[in-house]
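*Asks:* Here the protein sequences come in this chain order: A and B.
FYI, in UniProt numbering the residues of the first sequence are 1 to 250.
FYI, in UniProt numbering the residues of the second sequence are 1 to 250.
Number of protein chains: 2
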Amino acid sequence: MNKPLTAVLSPAELEDALRTIGHERYHNRHPFHHLLHGGKLNFGQVQAWALNRYCYQAAIPRKDAALISRIHDRELRREWVQRILDHDGYGDEEGGIERWLVLTDGLGLSRDYVISRQGALPATVFAVEAYVDFVARHPPVVAVASCLTELFAPAIHKERIVGLLENYDFIDDKVLAYFRRRLSQAPRDADFALDYVKRHATTLAEQQGVLDALTFKCNVLWAQLDALYAAYVAPGMIPPGAFDPSRPPC
Amino acid sequence: MNKPLTAVLSPAELEDALRTIGHERYHNRHPFHHLLHGGKLNFGQVQAWALNRYCYQAAIPRKDAALISRIHDRELRREWVQRILDHDGYGDEEGGIERWLVLTDGLGLSRDYVISRQGALPATVFAVEAYVDFVARHPPVVAVASCLTELFAPAIHKERIVGLLENYDFIDDKVLAYFRRRLSQAPRDADFALDYVKRHATTLAEQQGVLDALTFKCNVLWAQLDALYAAYVAPGMIPPGAFDPSRPPC
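1) Report the start-end ranges of each alpha helix (DSSP H) in the stretch 91–172 of chain A that is 4 residues or longer and not cut off at the edges.
2) Rounded to whole angstroms, what's the CA-CA distance from B/Asn-219 to B/Leu-85? Just pull it up for me.
3) Using only alpha-carbon positions, find the residue among A/His-37, A/Asp-92, A/Tyr-54 that is nearest to A/Asp-112.
4) If you count every other CB in all the chains shown that lies within 10 Å of the CB of A/Glu-93, and 16 or more means buried, which is it?
5) Beta-carbon of A/Gly-89 versus every beta-carbon of chain B: anything under 9 Å?
6) Between which two residues does the alpha helix (DSSP H) carrying B/Arg-70 extend?
7) Need the endpoints of the alpha helix (DSSP H) that B/Asp-229 sits in, please.
8) When we look at the beta-carbon of B/His-23 and count the other beta-carbons within 10 Å, is it buried (16 or more) or exposed?
9) Could you check if B/Ala-127 is buried or exposed, using at least 16 other CB atoms within 10 Å of its CB as the buried criterion?
10) Look at the alpha carbon of B/Leu-183 and the alpha carbon of B/Ala-155, and state the distance between them as a whole number of angstroms.
11) Under the three-state reduction of DSSP, which class applies to A/Tyr-26: helix, strand or coil?
12) Counting beta carbon pairs with one atom in the stretch 24–40 of chain A and one in the stretch 98–108 of chain A, are three or more of them shorter than 8 Å?
13) Name, please, each residue of chain A whose Cβ falls closer than 7 Å to the Cβ of B/Pro-239.
14) Does the separation of the CB atoms of A/Val-162 and A/Leu-107 fall below 9 Å?
15) What residues in its chain sit with their C-beta under 6 Å from that of A/Ala-213, if we drop five residues either side in the sequence?
16) Using three-state DSSP, classify A/Val-46 as helix, strand or coil.
17) Within 10 angstroms of the Cβ of B/Asp-191, are there 16 or more other Cβ atoms? Answer buried if so, exposed if not.
18) When the cut-off is 9 Å and only beta carbons count, does B/Lys-63 lie next to chain A?
19) With a Cβ-Cβ cutoff of 9 Å, do B/Ala-227 and B/Ala-123 count as a contact?
20) By how many angstroms is the C-alpha of B/Thr-6 removed from the C-alpha of A/Val-81?
21) State the DSSP-derived secondary structure class of B/Ser-10, mapped to helix, strand or coil.
22) Taking Cβ-Cβ distances below 9 Å as the criterion, which residues of the stretch 123–140 of chain B are in contact with chain A?
23) According to the Cβ coordinates, are A/Arg-78 and A/Asp-64 closer than 9 Å?
24) In this structure, does DSSP put A/Ala-201 in helix, strand or coil?
25) Going by CA-CA distance only, name the one from A/Thr-149, A/Glu-206, A/Ala-177 that's closest to A/Arg-160.
26) Provide the residue span of the alpha helix (DSSP H) that contains A/Leu-36, from first to last.
27) Have a look at A/Ala-130, A/Ile-21, A/Val-46, A/Glu-98 and flag the residue whose alpha-carbon is nearest the alpha-carbon of A/Asp-115.
28) Is there a Cβ from chain B that is less than 9 Å from the Cβ of A/Ile-161?
29) Here's a check: name, in chain order, each residue in its chain whose Cβ is nearer than 8 Å to the Cβ of A/Leu-151, leaving out the five neighbours to either side.
30) Identify which residue in B/Asn-42, B/Tyr-90, B/Glu-13 has its Cα closest to the Cα of B/Pro-61.
31) To the nearest whole angstrom, what separates the beta carbons of A/Ala-66 and A/Ala-136, a pair I think is in contact under 8 Å?
32) In chain A, which residues lie less than 7 Å from B/Arg-77 when you measure between Cβ atoms?
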């Protein structure tokens, strides 16, 4: 997916190449995000975004478990399991998926409907499951690299909190708890993963795999916004069975 | 692997059928175990057992992660992740794999050698990885059922603690911490899994899958003892590269 490497990169060069991919391909550049943050979407379009994005949130622990199922290094597993606990919750901590459901609650969507994924766009589900599958099939260092979109997440989360609060009277601070929590979780996760990748992707093939993994992951995120744009902005063709704001599910 | 079911079983009948499989096939019936618990093995044979069994212990979190990667039900994932934490450890809790390494330490085996799996019998590794693979490929209820050998574990753990302490002067209470901890963990896990299977395996196909899964898992355990017996008891043919007590690794 990227131009083939011709020589092994130094760790610093590898990091630069990864950051370049993010700069060019992270979904903060997608027109749907500009609309979302700029207050240009209506209530139904924000509902559709939150409903579809739930599928992504809900798949993250399965993706991280798929990665752990490939890891023979106990120390790395012990580090990585924290991500499952962060998203699914553990003990009294309710976890990121529950916080996302607070957002969809706040947007008037029933939990059963959201969790069922019945109203999600097929393209959303395909993209998300392609991510779980990618991690299950690639070597650990490549699978780890696919999470490096987290490097670029804090900026978009900050932008999102400000933009959503300022521009939509149906969104208040309470429903944005997910993004506030990720402001501290994502950098910690991303730093660990970037360091791991820089230390372990040392051959040409591994480095190529790592760069392609980040490109793939950017595509997973981008494709979800493409699908939302096509269904709910322009041309506005909602696929059969998908959430239709003009005919809300009972 | 079992006689085909001809009618759907009640939950109680399903439990009976599962217990019958355990009664007939659990590895407490294997001749190697009788030798182990009866004090009939020499130091090198006990080393070989602990070294090979490490491969099984070390694979358990990968197996449980493979299962979690298939589970869409967040509550079930939250329950199941405890198994990963129990085995890999979490925070200050060192975990079951570490406790197993205390046993192999006590038997004079180097940690690097044990963790490398270099000296393990190929048949051990094949059996263990077949288990991880089984869980990754089967529906969750069938995958859950494959752990039901835990129903029969406490009896063997108690027998093992007594037998090993009584019969071998090179084994003391400290190195048996793994088994003591499992005396409380295994029943909790097994009760949950049995209840889950009884509630969710309601069709003929699911019940057949569940019974076959337990049989498969009994075979995974049995095959490991067959391999130990053949290599280290009779005929005593140690495969190339496998641990040889008469020529210990440096």
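Glycine included, each C-beta is placed from N, C-alpha and C at the ideal position.
*Replies:* Straight from the coordinates:
1) 96–106, 111–116, 122–137, 140–145, 153–167
2) 26 Å
3) A/Tyr-54
4) exposed
5) yes
6) Where B/Arg-70 is concerned, there is no enclosing alpha helix (DSSP H), given that its DSSP letter is neither H nor E.
7) Note that residue 229 of chain B corresponds to Tyr in the displayed sequence, not to Asp. Taken as a continuous stretch (DSSP letters only), the alpha helix (DSSP H) holding B/Tyr-229 covers 204–232.
8) exposed
9) buried
10) 9 Å
11) coil
12) no
13) None at all; the shortest Cβ gap to chain A is about 21 Å.
14) no
15) Val-142, Ala-145, Ser-146
16) helix
17) exposed
18) yes
19) yes
20) 42 Å
21) coil
22) Val-132, Val-135, Ala-136
23) no
24) coil
25) A/Ala-177
26) 31–37
27) Just to set this straight, residue 115 of chain A is Ile in the shown sequence, not Asp. Nearest C-alpha to A/Ile-115: A/Glu-98.
28) no
29) Leu-18, Arg-19, Gly-22, Ala-190, Leu-194
30) B/Tyr-90
31) 4 Å
32) Pro-61, Asp-88
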